[in-house]
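Report on one structure; see the data block that follows.
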Amino acid sequence: MRRVVQPELSDTLLQRKVASGGLVSREAYNRVLASYAAAGRPADAVETMRQMVRKGGVTPDIVSFNCLIAAHAAAGEPERAHQWLSRASQWGVAPDVITYTTVISGYARQGEPERARAVLEGMLADGVQPNVHSYAALIEAYVIAGRVDEAAVCLEKASAAGVAPNVVTYSSVAKGYAAANRLDEARAIVRRMYDDNVEPNAVTYNSLISCCVRDGRASEAVTLLDEMRAAGVRADTTCYNMVIGALARSERRSEAEALLRSMQADGVALDTVTFSSLIVPASGEQLPSQAAEWLREMQEAGVRPDLQCYNKVIASYGRARLPEVAEEWLTKIELAGLVPNLVSYSTAIAAYARVAEPEQAARLVRRMCDAGVTPDTVTYNALLDAHVRAGQLHQAQALVRRMERSEAGARADVVSYTILLSGLARRGRLSEAARWLEHMEYNATVAPDATTYNTLMAGYASRSMWTAMDKLIGRMRDAGVRPDEYTYGPILEAARRIGQRQRARSYGRRMLLDSEIALSPFCLNSLRRSLGLSQLRALVDELPGVSWEGVEAALVRYDEDKGSGGAGGGDRGRRRGKARALGSTGKEGAAGMRGESAEDQGGVRNDVEVDD
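Each residue of the sequence shown is one higher than the last, beginning at 1 in the working numbering.
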């Protein structure tokens, strides 16, 4: 193994030689230059070169210039690296393949493929033949810039020039295709590697697996992992983590757990991400105690849980309607030597909101403040939700007013108003809900969105207030908010419920003619039940641009979901409508309604419901 020397130590040894008056060799200076190059410290490298020439009287050679160029390239200064390439020629030192390739790599890391290509062309003009590393650097430049087709052209040019691509070259092109979600072409590169007797490595397969995971294709990710292992390529921690996460998100928990066991059997190191994928909110497949058990197993495996893992356990107990246990985990976080953060407290507060205990939620807000953690809008939205669920609408309205005046320390957002409107509308206080919506339209700093309007629409639909619904659709359009399937769903269901077929047909026609509204299985089923299948088809046949095949496919999905007892069709539509009535950005607690990833916030996915 090559010994890495710290730049300061190398320089100290050099200065001692200089101070002793002894002759300092070019090799000694080059060792110092190499250490500064490895550390990406071009200013120090330049100073060493200056000392080498002025004080030492030593003429730099190609190694000296290559080190200086590498230092600038590593520091993200490819233009300066390029300048030193020209200076080398001025000193009578002919740049070699390493010189040019280093400059190409510098431009590649900055995503500047044109400049990288110009250097390679200059290299050829100077009679220096590029090697596989030169082409690999240029290919990487195009991949980083998102121009994989040009990267593939470079691969062919390398082959035509008699430079056989290596695993790095092929893997770069495969990575480029995978990043562009062109998995078939990425897999074709891997097949070509085998044909050319170039063995793919973990990096090659990780790119393909990442593409599958990003696209939600868990089965293909598993297939690639199996293919990789069968070929004798050792999967690393990152690779296993991606596939385990994809399986867990696809609700294929048993397969994810089996893969973790396989990972252990193969001697691959487990880390926080490995276990974090399996610590999820309580669902049909996992009890909250199982989330806690995974955290315990994580500790036994020698992996220290981070705050995100603890927050997921809190969310799991919250979703299981066990807020007291969720709160206990705040103390367990502290006992583990960690400090509960905004997400931790807000998730526990949301747990009390879920069971309509506003007093406990408010107490936890006070505890949070006493701990020096400042509540934000998401925190107060959870408290607001607790008041609404408990029917404390006066307190809920007072809290929104406090948030409007910033007295609570956080401003009201569109979710805050939507929670309040939902509570008022659900309890039949539609006039108050309408006033709050009008307040948003004309006085508040937050404009209503589709979910806000749809919340009031559902209230009007529950009481068959057709004139109010028509006016509300008009207001939505005037505000630049497009009605969607969640706008029309309650209306169509209201018409079906009271047997108004003509009204259902009219609203259904308007919905189907709007090309930007998805073919909602729930809405279409309401139309089918109102009109009958033959009349629904007759309606669809009248409408330009509406495909009966698409409508029929949506109805089949509804029937299949309903028949299998899944969360599809009408149930899914109703639940999504509820979630959207609270913002539908939804994650438990502070991870919710914020538009940030669960990984960023340490929270977990969770649709916040209006009622249960």
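Glycine residues also receive a C-beta, built at the ideal position from the N, C-alpha and C atoms. Just so we're clear, the structure is a prediction, and the values are computed from it rather than from any experiment.
What is the DSSP secondary structure of residue i, counted as helix, strand or coil?
i: Trp294; result: helix
i: Gly508; result: helix
i: Glu516; result: coil
i: Asp271; result: coil
i: Gln500; result: coil
i: Arg249; result: helix
i: Thr59; result: coil
i: Val24; result: coil
i: Glu199; result: coil
i: Met465; result: coil
i: Gly122; result: helix
i: Ile279; result: coil
i: Val481; result: coil
i: Thr445; result: coil
i: Arg572; result: Low confidence applies here, because Arg572 scores a pLDDT of 40, under 50, leaving its location unreliable and the question unanswered by this model.
i: Asp600; result: Low local confidence applies: a pLDDT of 35 at Asp600 is under 50, so the model's placement there is unreliable, and no value is given.
i: Trp329; result: helix
i: Gly127; result: coil
i: Glu112; result: coil
i: Ser547; result: coil
i: Ala579; result: Residue confidence for Ala579 is low, a pLDDT of 40 falling below 50, so the modelled location carries little weight; the figure read from the coordinates is stated next. If DSSP states are grouped into helix, strand and coil, Ala579 belongs with the helices.
i: Val556; result: helix
i: Val97; result: helix
i: Trp84; result: helix
i: Pro165; result: coil
i: Glu77; result: coil
i: Asn613; result: Only positions 1 to 612 of the chain appear in this structure, which leaves residue 613 out of reach.
Leaving aside the five residues before and after residue i along the sequence, list all residues of the same chain whose C-beta is less than 6 Å from its C-beta, in chain order.
i: His133; result: Thr101
i: Pro113; result: Ala141, Tyr142 and Ala145
i: Pro483; result: Ile473 and Met476
i: Pro95; result: Leu85 and Ala88
i: Ala301; result: Leu270
i: Ala494; result: Ala461 and Ser464
i: Gln395; result: His387
i: Met52; result: Tyr29 and Val58
i: Ala246; result: Val213, Ala218 and Ala221
Take residue i and list the residues in its own chain whose beta-carbon comes closer than 7 Å to its own, dropping the five residues that flank it on each side.
i: Leu421; result: Ala433, Trp436, Leu437, Thr452, Thr455 and Leu456
i: Ala174; result: Ala186, Ile189, Val190, Thr204, Ser207 and Leu208
i: Ala45; result: Leu33, Tyr36, Ala37, Cys67, Leu68 and Ala71
i: Cys154; result: Tyr135, Leu138, Ile139 and Tyr142
i: Val103; result: Ile69, Ala73, Pro78, Ala81, His82, Leu85 and Val119
i: Arg505; result: Leu531 and Leu539
i: Val446; result: Ala412, Asp413, Val414, Tyr417 and Met440
i: Pro544; result: none
i: Val313; result: Ile279, Ala291, Ala292, Leu295 and Trp329
i: Asp215; result: Asn181
i: Val551; result: Leu519, Leu524 and Val540
Taking 8 Å as the limit between beta carbons, can you name the residues of its chain near residue i, skipping five residues before and five after?
i: Asn166; result: Val132, Ala136 and Val198
i: Ser172; result: Ala136, Ile139, Glu140, Val143 and Ala151
Nearest by alpha-carbon distance to residue i: which of the options is it?
i: Ala450; options: Met465, Ala444 and Val414; result: Val414
i: Ala258; options: Glu227, Val233 and Val222; result: Val222
i: Arg366; options: Thr331, Tyr486, Tyr345 and Ala265; result: Tyr345
i: Thr237; options: Leu287, Arg261, Thr48 and Gly216; result: Arg261
i: Gln110; options: Leu335, Pro375 and Pro78; result: Pro78
i: Val339; options: Asn311, Gly318 and Arg363; result: Asn311
i: Pro42; options: Glu27, Ser64 and Ala348; result: Ser64
i: Glu327; options: Ala39, Val58 and Ala362; result: Ala362
i: Met228; options: Pro200, Ser210 and Arg252; result: Pro200
i: Ile419; options: Pro448, Val280, Tyr442 and Glu156; result: Pro448
i: Gln264; options: Glu297, Leu424, Glu293 and Ser250; result: Glu297
i: Glu516; options: Glu542, Arg528, Val546 and Ala248; result: Val546
i: Ala315; options: Leu295, Thr99, Pro288 and Arg304; result: Pro288
i: Cys212; options: Ser250, Asp561 and Asp541; result: Ser250
i: Tyr442; options: Ala125, Asp478 and Gly372; result: Asp478
i: Gln308; options: Thr272, Gln397, Arg319 and Tyr317; result: Thr272
i: Glu513; options: Asp541, Arg115 and Gln392; result: The sequence shown places Leu at residue 513, not Glu. Out of Asp541, Arg115 and Gln392, Asp541 has the C-alpha closest to the C-alpha of Leu513.
Any beta carbon of chain B sitting closer than 8 Å to that of residue i?
i: Ile517; result: In the structure shown, chain B cannot be found, because there is only a single protein chain.
Touching by the beta-carbon criterion (3+ pairs, under 8 Å), the region 428 to 438 and the region 406 to 413: Judged by Cβ distances under 8 Å, the region 428 to 438 makes no contact with the region 406 to 413, as fewer than three pairs qualify.
For the region 533 to 540 against the region 492 to 500, are there 3 or more C-beta pairs whose distance is under 8 Å? For the pair of segments examined, the region 533 to 540 was found not to touch the region 492 to 500: the number of CB pairs separated by less than 8 Å stays below three.
Mind the definition here: the region 330 to 339 touches the region 352 to 361 only if three or more C-beta pairs lie below 8 Å; say whether that holds. No contact exists between the region 330 to 339 and the region 352 to 361.
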